[in-house]
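Here the structure comes first, spelled out in structure tokens, and everything after it is commentary.
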Amino acid sequence: MVSYKSYRTAESVSPKHPDKLCDQISDAILDAHLAVDPNARVAVETCGGHGEVFVTGEITSLAQDVDTRAIVHRIAGDDMKVMQNIVRQSPEIAQGVDTGGAGDQGIMIGYACDETPEMLPLEAVLSRRLNKYIFAEHAYDGKTQVTVFNAEDVGVNRESPRYVSSIVASFQNVARDELERLVRSFIESENLKPVPGKTEIELHLNPAGDWSQGGFEADTGLTGRKLIVDNYGPRIPIGGGCFSGKDPSKVDRSAAYMARRIAVDYLKKRQAKEVFVRLAYAIGYSEPLEQTVIVDGKPEQIEGYDLTPQGIIRYLDLKRPIYEVTARYGHFGEGFGWDR
0 MVSYKSYRTA
10 ESVSPKHPDK
20 LCDQISDAIL
30 DAHLAVDPNA
40 RVAVETCGGH
50 GEVFVTGEIT
60 SLAQDVDTRA
70 IVHRIAGDDM
80 KVMQNIVRQS
90 PEIAQGVDTG
100 GAGDQGIMIG
110 YACDETPEML
120 PLEAVLSRRL
130 NKYIFAEHAY
140 DGKTQVTVFN
150 AEDVGVNRES
160 PRYVSSIVAS
170 FQNVARDELE
180 RLVRSFIESE
190 NLKPVPGKTE
200 IELHLNPAGD
210 WSQGGFEADT
220 GLTGRKLIVD
230 NYGPRIPIGG
240 GCFSGKDPSK
250 VDRSAAYMAR
260 RIAVDYLKKR
270 QAKEVFVRLA
280 YAIGYSEPLE
290 QTVIVDGKPE
300 QIEGYDLTPQ
310 GIIRYLDLKR
320 PIYEVTARYG
330 HFGEGFGWDR
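In numbering that gives the first Met the number 0, the protein residues as written are 0 to 339.
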């Protein structure tokens, strides 16, 4: 009998999805400040939809001429009405960060596995690859979802047959026939196999019908609402805080990146199958309250890394305008500095 854990599902959304538009706007604003002031403190949230975009948050920066409206128009279109409410960072938060402490409390999860070259879960990788595959020809709002099947129910790796139970794809301005052509081409290019005992992978393509309204025209978006897509897919727990719009003094971003780097290092060094990392911080305090790595199910204390916020920022060189691109398809497995 096949057990429940044999099926694993993950989704991906295109860069034109409303939530991803908001993530990119927030990170583009961050990049604009870091390009002028590497020590800028930025925490920016974006909400958009139906012709309007609202940007709010806290910024303390030497950059005085960042054109928020121009950033919004570049990413979301010239016809968007832009409202903004930006204030300086709270001095009560700043007093803890100025001395090298964490910008907030939080728990950060890092992960790496040997299932794919990206060192990510297979279902997350396939859903992202499919999304990119369709978006390369039709750069619109869209979502993909892939359910993989582990035939032996003993874990998968890069050499295992890649069985897929079902694929879901919904894309704006892409007729179902064209979507089917692309999905079947993707299946062939990735050498995906149907579940044993079945002759076809189950396809759900524009299952609610073809659609032409997308992005901010059809729906609203919000920074940080695609946390599972930004991380490792639903199989892996996440710590909580979103990444986009936050400068690296916020450990829910920088320490999450460091946790991924540690997980990748341990995976390679130990030739492991799966590595989890847990880091925890208190606001205003520099040292982590927890620094655990779990290598193939065996926990131990992390050693050999400076895990203070400033140590992480230096090690990963995070005071640079590098963040807008991270908001497109996910923060891990995309070849960033913390992925290798």
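Glycine included, C-beta positions come from ideal geometry on N, C-alpha and C.
Counting only the Cα atoms, E44 lies some 16 Å from D103. Listed in chain order, the non-local C-beta contacts of G329 below 7 Å within the same chain comprise R127, V228 and D229, local neighbours out to five positions each way being set aside. Taking a C-beta distance under 8 Å as the contact criterion, V263 and A123 do not qualify as a contact pair.
For R40, the beta-bridge partners assigned by DSSP are T59. By the Cβ neighbour-count rule, S188 is exposed, with fewer than 16 other Cβ atoms within 10 Å of its own. Annotation: the continuous beta strand (DSSP E) that includes Q300 extends over K297 to Q300. Residue environment for V12: buried (at least 16 other C-beta atoms within 10 angstroms of its C-beta). The continuous beta strand (DSSP E) containing I85 extends over residues K80 to V86. Sorting E299, V81, L61 and E201 by C-alpha distance to the C-alpha of I24 places V81 at the top.
Closest in C-alpha terms to Y6, from the list L178, S165, S285 and E323, comes S165.
Remark: C-beta atoms of N205 and R161 do not approach each other more closely than 8 Å. Annotation: I70 to S285 spans about 34 Å, alpha carbon to alpha carbon. Taking the Cβ atoms as the reference, G239 lies roughly 6 Å from G105, within the contact range of under 8 Å. Unbroken alpha helix (DSSP H) stretches of 4 residues or longer found wholly inside the region 249-293: 250-269, given in chain order. Contact annotation, D316 with G336: C-beta distance approximately 7 Å; criterion of less than 8 Å satisfied. Out of G109, G76, T325 and V86, the CA that lies nearest to the CA of Q63 is found in V86. Residue pairing by DSSP places Y328 in no beta bridge whatsoever. The count of Cβ pairs closer than 8 Å, one atom from the region 205-218 and one from the region 47-60, reaches three, so the stretches are in contact. Straight-line spacing of the CA atoms in R313 and P14 works out to 29 Å. For I321 and H16, the gap between their C-alpha atoms comes out near 21 Å. For Y314, the enclosing alpha helix (DSSP H) starts and ends at P308 to L315. Annotation: D338 to I311 spans about 14 Å, alpha carbon to alpha carbon.
DSSP assignment within the region 95-170 yields the following whole alpha helix (DSSP H) runs of 4 residues or more, N-terminal first: 121-134.
Nearest Cα to V145 within the set V194, E323, E177 and G109: V194. Spatial neighbours of E117 in its own chain (CB-CB distance under 7 Å, excluding positions within 5 residues in sequence) are listed in chain order as V124 and G332. Three or more beta-carbon pairs separated by less than 8 Å are not found between the region 273-293 and the region 129-137, which leaves the two stretches without contact. Our two residues, Y265 and G303, have alpha carbons roughly 11 Å apart in a direct line. The Cβ atoms of P120 and G232 sit closer than 8 Å to each other. Within its own chain, the residues whose Cβ lies closer than 8 Å to the Cβ of S60, once the five positions on either side in sequence are excluded, are H32, V35, D36, A39, R40 and V41, listed in chain order. If you draw a straight line from the Cα of R68 to the Cα of V274, it comes to about 42 Å.
In the three-state reduction of the DSSP assignment, C241 falls in the coil class.
The secondary-structure analysis by DSSP pairs S11 across a beta bridge with T143.
For G220, no alpha helix (DSSP H) segment is defined; the enclosing uninterrupted segment is the beta strand (DSSP E) at T219 to L221.
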